[in-house]
Structures are given as C-alpha cells and as structure tokens.
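Numbering (our numbering) for the sequence shown: 1172 to 1479. For glycine and all other residues, C-beta sits at the position ideal for the given N, C-alpha and C.
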Amino acid sequence: MSLPNPSTFIAEGASAAVYRLDGGRVLKLFHEGVDAGIVAREHATAQAIQATGLPVPRVFRRAEAGGRQGIIYSEIEGPNLLHHIVRHPHRIGWAMGAMAALQRAIHGHDLPALRSRKAILAEDIEMAPIGDRLRAAAIDRLDQLIEGDRLSHGDLHPANLIVSGDGLAVIDWSKAARSAPAADVVRSEMLMRFGPGQSAGMLEGMLRDATTAYYVGRYRKLAGTGKAGLAAASAAGAGRGLCRLSDRCVAPRRTAAAGRLMSLVDGGGRFVPRRCRPADAVPRSSKRRAQHRSCRYSDIETGQRAAR
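Below, the structure written as structure tokens:
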C-alpha cells in the first residue's frame, strides 16, 4: 500500500506514527529503521492479547507502506483518559479507580509466550547510556525483582487508555510482557509521577502525587495487596532517585500537600469541597446547617461504565 495521506495523521510516538484508514481502522506505521522482528513480535502479542477478551483494539494484519512496516488495528473512538480528566477534573477519582480496576483485570491473565519483564529490563540496562557503577547497581536491584508470570502492559498510564462508549480500552501494547503485578503497578506509578510533560512547579507535583496515590490505593484495595509488597517491587525495580511506594520518594512538604489534596476526594471518586461534611457531622447551629445544605457536587456515576 502507498504511504497514508498526511491529513489522516492521528499521533506519533518514539517508534511509530498512527494514521486513520477507512472502515474504522488505523495504521500504526513504524519509523524507518525499526527492525521487522519487533513489528512481528508486536503483531503476535496483539493477537494473543485480543484473544483474552480484554478491551483492546482488534488487530487485522501486518502491512507495508513506502518501504515501512506497519500493523492495521481497529480504531477505538473517544478521548484518551488524560484528555478526559483535563475536560472533566471532577471525575479524576473515578478515572483513577477505573484505571486500577482495568489494570487488575489485565493481571488476571497469563500469557506464557510473552517475554519476561526482567529479561527486557536487563537488555535496557545494558544498552542504557550510563556509567558502569550505575549499571552494576541497576542490575543488582533487578536481580531482586520477582520474576512473575502475569500479563503486564508495561506502559499503562492515562494517555494509553481510551474513554469509549463501551468503557475504558487499552492501547499500545508494545511493552507487554510477563511480570509480577507489583512491578507493573510501580511502572505506572513512576510514569504518572515523573513522566514526560511535567513542569517544575510545586503545584503540578502535588497534583501528580495526589492523583497517583489515589490510583495506587485503589489498586491495593482491589488486589488485597499491602504497601510492603508493592514497596518491595519498587525498591528492587527502580534505581536511585525513583519512587518507592512507601511514599518516601518525594519531599515531605510535597507528600503532606498531596495528602491534603486527596482528603478532598470522597469514597465515590468525587472531589468534594473541604467544607462538605457527612450528614452525621452537620453542625447544630442554623448558620452552619445552612452552609452545609448549600454544599453540592455533581451526581456523577462512579461505577463500572465510563463516561461517554
């Protein structure tokens, strides 16, 4: 097939660009120089994951355009979860809860044919442009990481989740592998706290910490996992300067501020003004009761279905 029209461009990443085709399909066209073996592995992985029944794009076939390798997928219409949060900030609690539930569902599958996360990380460390001392320290930490046998996405964050009419769907499985669930959660946590697109502002850091802490808390509750298990995975899988789930990775002021922000999120995943209190805590004075009655928030759904 010929190269797609530039007007059909959707997005671009480090290894490929995505273009819209007809019939509700998209072409993930890999950049020149990407090894054909990488494309073949992603295609095979996509087929295996599709067979699990998880909410993922349907994979059609491999393709070639202008001498470049590609894969044709079905298009899932809707904004990604990050854009959804920006447009509907009051739904951030629901968004993190839904992301945690979907990640938990992903970890419920076992695909033995996938590569080991530890093996992938070992290759990455060997190829990284770092000094020998840091490389040796990273390998030592990696050796402490549990191997694990569960399906993991490896790059799960709000920009890789689509809010469709049927709920959340997961895209970009290029980093999928076998691993311990805790390692996958830690990876998501680090991406959300320290990933690209952030400024050096304290407020943004506080918001990232608060949002991520809520997501991790929801995952822990769903999985019945304590802090110790996830903290161990974080300590083993992350090098110096990366986050530990014991919440000691950020400055005390930033952690405390994040905790105050999360006190504004109620159990249903809604942001509630600080002055709002439960009914059994309404003050006796008429003035304070009137203030309580005037406190309202949107009655948004917080269940399994995503917003359309």
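Buried or exposed, going by whether 16 or more other CB atoms sit within 10 Å of the CB of residue i?
{"i": "Ser-1345", "result": "buried"}
{"i": "Asp-1355", "result": "buried"}
{"i": "Met-1377", "result": "buried"}
{"i": "Ser-1323", "result": "buried"}
{"i": "His-1202", "result": "exposed"}
{"i": "Pro-1329", "result": "buried"}
{"i": "Ala-1211", "result": "exposed"}
{"i": "Ile-1256", "result": "buried"}
{"i": "Ala-1158", "result": "The structure shown does not extend to residue 1158, since the chain is modelled only from 1172 to 1479, so the question has no answer here."}
{"i": "Gly-1184", "result": "exposed"}
{"i": "Gly-1264", "result": "buried"}
Would residue i and residue j qualify as a contact pair, given that the criterion is a beta-carbon distance under 8 Å?
{"i": "Arg-1229", "j": "Ser-1245", "result": "yes"}
{"i": "Met-1267", "j": "Arg-1391", "result": "no"}
{"i": "Arg-1502", "j": "Gly-1325", "result": "The structure shown does not extend to residue 1502, since the chain is modelled only from 1172 to 1479, so the question has no answer here."}
{"i": "Pro-1226", "j": "Val-1334", "result": "no"}
{"i": "Asn-1331", "j": "Ile-1317", "result": "no"}
{"i": "Ala-1340", "j": "Ile-1247", "result": "yes"}
{"i": "Arg-1379", "j": "Arg-1364", "result": "yes"}
{"i": "Ala-1347", "j": "Leu-1285", "result": "yes"}
{"i": "Gly-1122", "j": "Ala-1351", "result": "Because the chain in this structure spans residues 1172 to 1479, residue 1122 falls outside the shown range and cannot be described."}
{"i": "Ala-1217", "j": "Leu-1200", "result": "no"}
{"i": "Arg-1306", "j": "Ile-1296", "result": "yes"}
{"i": "Ala-1234", "j": "Met-1172", "result": "yes"}
Starting from residue i, trace the beta strand (DSSP E) both ways and give me its first and last residue.
{"i": "Val-1197", "result": "1196-1201"}
{"i": "Val-1230", "result": "1230-1236"}
{"i": "Ile-1243", "result": "1239-1245"}
{"i": "Arg-1349", "result": "1348-1350"}
{"i": "Ile-1181", "result": "1180-1183"}
Pop quiz: residue i and residue j are said to be a contact at Cβ under 8 Å. What is the actual Cβ separation, rounded to whole angstroms?
{"i": "Val-1197", "j": "Ile-1209", "result": "No, Val-1197 and Ile-1209 are not in contact; Cβ-Cβ is about 19 Å, not under 8 Å."}
{"i": "Ile-1243", "j": "Arg-1232", "result": "6 Å"}
{"i": "Gly-1237", "j": "Leu-1174", "result": "4 Å"}
{"i": "Leu-1313", "j": "Ala-1299", "result": "The pair is not a contact, with the Cβ atoms about 12 Å apart (cut-off 8 Å)."}
{"i": "His-1278", "j": "Arg-1321", "result": "5 Å"}
Could you check whether the Cβ of residue i sits closer than 8 Å to any Cβ belonging to chain B?
{"i": "Ala-1182", "result": "Reference to chain B is not applicable here, since this structure consists of a single protein chain."}
Specify, as a first and last residue, the run of the alpha helix (DSSP H) that residue i falls within.
{"i": "Ala-1188", "result": "First-last for Ala-1188: 1187-1191, but that is the beta strand (DSSP E), not the alpha helix (DSSP H)."}
{"i": "Asp-1343", "result": "That residue, Asp-1343, is in no alpha helix (DSSP H); it is neither H nor E in DSSP."}
{"i": "Gly-1395", "result": "Unbroken run through Gly-1395: none, as it is neither H nor E."}
In the region 1264-1337, which residue ranges form an unbroken beta strand (DSSP E) of at least 3 residues, counting only runs that do not cross its ends? 1321-1323, 1332-1335
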